[in-house]
Amino acid sequence: MRTKLLLVSFQVMWMAYCETKLSAFVFSSSTGQWRAAASKAWSDLALCSSESGMMSQVHPLFLRHHYAYGCFYWDWTLFWRKTLLMLDTRRMEFSIVVPPPGEWRKEGFAVVEAGEGRLGMFGFHGQPASDLTYTFAQNKGENPSQWHMEKIISLDSGYRYYGRYLLLTRTADISQENPLFEYFSIDVKTLHLQRVYSHYNRLKFAGTHIYTYFPPSFFSSDANLKW
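Heads up: the sequence shown is residues -18 to -1, 1 to 209, going by mature numbering (1 follows the signal peptide of the UniProt record, and there is no 0).
1. From F9 to S(-10), what distance separates their C-alpha atoms?
2. So, at 7 angstroms on beta carbons, what are the nonlocal neighbours of L69 in its own chain, with the 5 sequence-adjacent residues on each side left out?
3. Could you work out which residue in Q128, K133, R17 is closest to M(-6) when comparing CA atoms only?
4. Which partner residues of K133 appear in the DSSP bridge assignment?
5. Given this structure, state the Cα-to-Cα distance separating S12 from I134, to the nearest angstrom.
6. Quick test of your reading: residue 224 and F118, contact by CB under 8 angstroms. State the CB separation rounded to the nearest angstrom.
7. Look up W58 in the DSSP assignment and say whether it is helix, strand or coil.
8. Going by the beta-carbon positions, is the gap between F81 and M103 smaller than 8 angstroms?
9. In this structure, does DSSP put S127 in helix, strand or coil?
10. Grouping DSSP H, G and I as helix and E and B as strand, with all else coil, what is D26?
11. Assign K3 to one of three DSSP states: helix, strand, or coil.
12. Is DSSP giving Y143 helix, strand or coil here?
13. What does V94 pair with, by DSSP beta-bridge criteria?
14. Please return the same chain residues whose Cβ sits closer than 6 angstroms to the Cβ of R100, not counting the five positions on each side in sequence.
15. Determine the DSSP secondary structure at R72, reduced to helix, strand or coil.
16. Using DSSP with H/G/I as helix, E/B as strand and the rest coil, what is L173?
17. Starting from S167, trace the beta strand (DSSP E) both ways and give me its first and last residue.
18. Cα separation between A23 and C(-1)?
19. Exposed or buried, which one is L67 when buried takes at least 16 other CB atoms within 10 Å?
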């Protein structure tokens, strides 16, 4: 029996950090070609000459990125600049988003869809980062300028967030030979915190990757999964 392959068109975006500007290129599987999609000078992003030089040399893998409502967001707080770089994929335009005012930690932000076209943002606040703050933009469908603080969640030390689903990782004591790693999830709509998994790991600094939308066969009763 022959199996018909369903060819699905797709696009790939590539970011280029040049000395004087930032550019985005898009590849289309339909045409098999790349095209220049967006470009912006570092000076137009309100960066001084020293900051422009630093950002042009930063590898994109070191910049945390998020996606919400057709826009990509790159987090620059790791470099002590409290801003987010936004690329609107509908207009193919770069711009700067200023996060809510406050003493935000360099662990950065998690950008989520808060509903009704509004942008939501989680971030660690204070020194040390013991509070997880959730704010959302009051204006819709544009660069957020006014923010409303919805809730502050008190946490113990050792938490980190991962990805747009705000999955938290906690290590009670990293100095232990076999530390316990705990994983929690936060429901963006209800702000409910729930532990989903925990395990001991001798590889203290081993990265943890979270996957969603597995094929149905991965969850079938016949699947033999070993951890």
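Backbone N, C-alpha and C fix where the C-beta goes; we use that ideal spot for every residue, glycine too.
What you are looking at is a predicted structure, and each value in this text was computed from that prediction instead of being measured.
Let me spell this out:
1. If you number the sequence shown from 1, residue 9 lands on position 27. If you number the sequence shown from 1, residue -10 lands on position 9. Answer to the nearest angstrom: the Cα atoms are 11 angstroms apart.
2. Counted from its first residue, the sequence shown places residue 69 at position 87. For L69, where only same-chain residues beyond five positions count, the Cβ hits under 7 angstroms are A6, A20, C53, F54, F76.
3. As a first step, residue -6 is located in the sequence shown; it is residue number 13 there, counting from the start. Nearest C-alpha to M(-6): R17.
4. Walking along the sequence shown from the start, residue 133 turns up at place 151. According to DSSP, which records beta bridges pairwise, K133 is partnered with Y116.
5. Reading the sequence shown from its first residue, position 30 is the one you call residue 12. Reading the sequence shown from its first residue, position 152 is the one you call residue 134. One C-alpha to the other measures close to 47 angstroms.
6. Since the first residue of the chain shown is -18 and the last is 209, residue 224 is not available in this structure.
7. If you number the sequence shown from 1, residue 58 lands on position 76. Three-state result, W58: coil.
8. The residue given as residue 81 occupies position 99 in the sequence shown. The residue given as residue 103 occupies position 121 in the sequence shown. Checking the sequence shown, residue 81 turns out to be Pro, not Phe. Yes.
9. Within the sequence shown, residue 127 is the residue found at index 145, counting from 1. Reduced to three states, the DSSP call for S127 is coil.
10. Numbered from 1 along the sequence shown, position 44 holds the residue referred to as residue 26. In the structure shown, D26 sits in a helix (DSSP, three-state: H, G or I).
11. Here residue 3 corresponds to residue number 21 of the sequence shown, with the count starting at 1. Of the three classes helix, strand and coil, the one that applies to K3 here is strand, per DSSP.
12. Looking up residue 143 in the sequence shown gives position 161. Note on Y143: pLDDT 47, under 50, position unreliable in the model; no value is reported.
13. Against the sequence shown, residue 94 aligns to sequence position 112. DSSP output for V94 lists G102 as bridge partner(s).
14. If you number the sequence shown from 1, residue 100 lands on position 118. Excluding positions up to five away in sequence, the list reads F118, A119, K122.
15. Within the sequence shown, residue 72 is the residue found at index 90, counting from 1. Three-state DSSP puts R72 in coil, outside helix and strand.
16. By one-based count along the sequence shown, residue 173 stands at place 191. L173 falls in the coil class under three-state DSSP.
17. Against the sequence shown, residue 167 aligns to sequence position 185. Note, S167: beta strand (DSSP E), 162 to 168.
18. For the purposes of this step, residue 23 is identified with residue 41 of the sequence shown, where counting begins at 1. For the purposes of this step, residue -1 is identified with residue 18 of the sequence shown, where counting begins at 1. Rounded to whole angstroms, A23 to C(-1) spans 9 angstroms at the Cα level.
19. The residue given as residue 67 occupies position 85 in the sequence shown. Buried, since its Cβ has 16 or more Cβ neighbours within 10 Å.
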